[in-house]
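Engineer: Quick one: the structure is below, questions incoming.
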Ligand SMILES: C[S@@+](CC[C@H](N)C(=O)[O-])C[C@H]1O[C@@H](n2cnc3c(N)ncnc32)[C@H](O)[C@@H]1O
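Residue numbers (this note's numbering): 498 to 748.
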């Protein structure tokens with residue numbers, strides 16, 4: 498199978514989900530409540546927005562203007578369609594862009610947001626590079642995977658060692674935030690329901706339909722096995738890790 502074929506299978510597996518990672522509207526609203534002074538002049542940037550589950554919450558919850566970026570064009574097209582249908586297109590500017598190379602002016606945003614996507618560039622690199630985008634008094638809100646127990650089970654440790662070796666505890670991440678020149682305004686752990694309801698539950702259905710569509714295709718089965726393993730590891734150890742929401746501002 499070509500690299501394009503592998504990528505196409507990957508996106509097929511993740512098509513049609515309400516969101517592309519753990520999260521939920523209540524957690525987005527809770528993190529937003531930690532940011533002071535949001536009004537009609539507030540400029541937000543949502544990095545790695547996917548199909549825009551959180552972009553739409555940000556737009557509904559505030560009168561702000563939001564630039565939402567993702568490098569997968571079909572996700573951006575989906576967000577544009579939904580924003581238009583909800584009458585939010587005037588305030589959501591969805592663009593195809595690479596977060597590794599953001600050609601956006603310095604100081605252009607009062608709030609930079611990123612749910613489940615900072616891992617793409619790495620937590621420290623994201624914090625250091627995205628600071629440039631913040632206007633004076635601006636805030637940054639991100640979620641990142643963290644251990645929530647000091648003694649995670651071996652199966653979960655083994656899985657994360659391959660998937661995201663940078664995973665660490667919440668206190669370690671808070672230290673990294675200070676080392677990157679920010680202070681934490683608040684943080685909280687996403688509940689297990691934010692992994693299941695809009696992410697793993699529909700993804701589990703996708704895995705089964707995907708297997709049925711791709712009988713006798715070894716590469717497709719390998720992908721289905723890998724996604725199933727991720728879901729199974731979470732079922733076995735959901736109390737040992739989660740995403741932590743961190744809201745911070747430059748010191
Ligand atoms: C785990 S998903 C999270 C999506 C969304 N924020 C959510 O929580 O549903 C990560 C997102 O990052 C996007 N992404 C991956 N690499 C990227 C890059 N280099 N530049 C911009 N977006 C990227 C993916 O397309 C995907 O939509």
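Built from N, CA and C at the ideal position, the CB exists for glycine as well. Predicted model only: the values in this text are computed from it and were never measured.
Quick check: the segment 564-583 against the segment 633-648, are there 3 or more CB pairs under 8 Å?
Structural biologist: Flag = no, the segment 564-583 and the segment 633-648 do not touch.
Engineer: Helix, strand or coil, according to DSSP, for residue 615 in the structure here?
Structural biologist: By 1-based counting over the chain shown, the position of residue 615 is 118. Residue state, collapsed to three classes: helix.
Engineer: Does residue 746 come out as helix, strand or coil in the three-state DSSP assignment?
Structural biologist: Residue 746 sits at position 249 when you count from the first residue of the chain shown. In this structure, residue 746 counts as strand in the three-state DSSP scheme.
Engineer: For a test of the three-state rule: what should DSSP assign to residue 656, helix, strand or coil?
Structural biologist: Working through the chain shown from its first residue, we reach residue 656 at position 159. Looking at residue 656 - three-state DSSP - the assignment turns out to be helix.
Engineer: Can you find at least 3 beta carbon pairs, one from the segment 603-617 and one from the segment 631-638, that sit closer than 8 Å?
Structural biologist: Output reads yes: the segment 631-638 touches the segment 603-617.
Engineer: According to DSSP, residue 639 sits in a beta bridge with which residue or residues?
Structural biologist: Counting from one through the chain shown, the residue named residue 639 turns up at place 142. Per DSSP, 611 and 743.
Engineer: Could you pull out every residue in the same chain whose Cβ sits closer than 6 Å to the Cβ of residue 556, ignoring the five residues on either side in sequence?
Structural biologist: For the purposes of this step, residue 556 is identified with residue 59 of the chain shown, where counting begins at 1. The residues are 563, 585, 588 and 589.
Engineer: Could you tell me which uninterrupted beta strand (DSSP E) segments, each at least 3 residues in length, are contained entirely in the segment 657-729, listed from first to last along the chain?
Structural biologist: Here the runs fully enclosed are 679-686.
Engineer: Going straight from the alpha carbon of residue 673 to that of residue 716, what length do you get?
Structural biologist: Sequence index remark: in the chain shown, residue 673 carries index 176 (1-based). Sequence index remark: in the chain shown, residue 716 carries index 219 (1-based). For residue 673 and residue 716, the distance between alpha carbons rounds to 38 Å.
Engineer: Within 10 angstroms of the Cβ of residue 676, are there 16 or more other Cβ atoms? Answer buried if so, exposed if not.
Structural biologist: Start at 1 with the first residue of the chain shown, and residue 676 comes out as number 179. When all chains shown are included, residue 676 counts as exposed.
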